[in-house]
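J.: Numbering (the UniProt record's numbering), first residue to last: 1 to 145. All C-beta atoms, glycine included, are put in the ideal place defined by N, C-alpha and C. Model, not experiment: these values are computed from the prediction. Got a structure here, written out as C-alpha cells. Questions coming.
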C-alpha cells in the first residue's frame with residue numbers, strides 16, 4: 001500500500017486574498033466550482049473556511065465513486081486542508097501571488113492506495129484522472145473570481 005498523489009495548478013485572475021475567499025466560501029461559492037464529477041454537495045457545519053464540515057460524492061470514474069465527509073482546516077495563510085473522515089484522503093489548496101492581479105492556485109490530493117496489482121493501477125492512473133477533475137474545478141474558479 002503506497003501513497004498516491006494527484007496535483008493540479010492554474011493561474012487565475014484575482015488577488016490572492018479574493019481567490020482564497022472564494023475557495024473558502026463553502027456556503028455559496030464552492031458548489032459553483034464543482035464539475036459533474038461531484039454530487040450530493042452539502043455543508044454540514046460552518047461554511048466559511050476553517051471549521052467547516054462539507055460532504056459530497058466524488059464520481060472519479062464510471063465505476064468508482066467515493067463518499068467524502070471533509071473537515072476543513074487552515075494551517076497557514078492562504079492554505080486550506082480538507083481531511084476526509086471516511087478515508088485517508090487529504091486535499092490541500094494553496095493560493096500564491098502570480099503577478100499583478102493574478103494568483104496561482106495549487107491543489108494536491110493524497111491518500112493511501114490499495115495494495116497489490118489494484119494498487120499499481122491506482123497509483124498509475126488515478127492521479128491523471130483526478131488532475132483532470134481538478135483542472136475543471138480550477139477553470140470554474142477562474143470564471144467565478
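Keeping to the same chain, check which residues put their C-beta closer than 6 Å to that of residue 45; ignore five residues upstream and five downstream.
T.: Cβ within range, chain order: 53.
J.: Looking only at DSSP bridge pairs, what is residue 38 linked to?
T.: BP columns for residue 38 point to 58.
J.: Let me know if residue 75 comes out buried or exposed under the rule of 16 or more other beta-carbons within 10 Å of its beta-carbon.
T.: So residue 75 counts as exposed.
J.: Of the residues 3, 77 and 84, which one's Cα is nearest the Cα of residue 67?
T.: Of the candidates 3, 77 and 84, the one whose C-alpha sits nearest the C-alpha of residue 67 is 84.
J.: For residue 26, which three-state DSSP category applies?
T.: Residue 26 falls in the coil class under three-state DSSP.
J.: Going by DSSP, what residue range makes up the beta strand (DSSP E) through residue 5?
T.: Element bounds for residue 5: 3–13.
J.: Considering only their Cβ atoms, is the gap separating residue 43 from residue 103 smaller than 7 Å?
T.: No, they are not a contact pair.
J.: Please report the Cβ distance between residue 26 and residue 34, rounded to the nearest whole angstrom; I am assuming they are in contact, meaning their Cβ atoms lie under 8 Å.
T.: About 11 Å separates the two Cβ atoms, so there is no contact after all.
J.: Identify, in the order they occur along the chain, each residue of the same chain with its Cβ nearer than 6 Å to the Cβ of residue 95, setting aside the five sequence neighbours on each side.
T.: Excluding sequence neighbours, residue 95 sits near 16, 19, 20, 78, 103 and 105.
J.: With DSSP as the reference, identify every bridge partner of residue 106, one or two as the case may be.
T.: BP columns for residue 106 point to 9 and 94.
J.: Going by the CB atoms, is the gap between residue 107 and residue 134 shorter than 7 Å?
T.: Yes, the pair counts as a contact, with Cβ atoms nearer than the cut-off.
J.: Whose CA, out of 63, 81 and 62, lies closest to the CA of residue 69?
T.: Of 63, 81 and 62, the residue nearest in Cα terms is 81.
J.: Hey, would you say residue 145 sits closer than 7 Å to residue 49, going by beta carbons?
T.: Their beta carbons are not under 7 Å apart, which means residue 145 does not touch residue 49 by this criterion.
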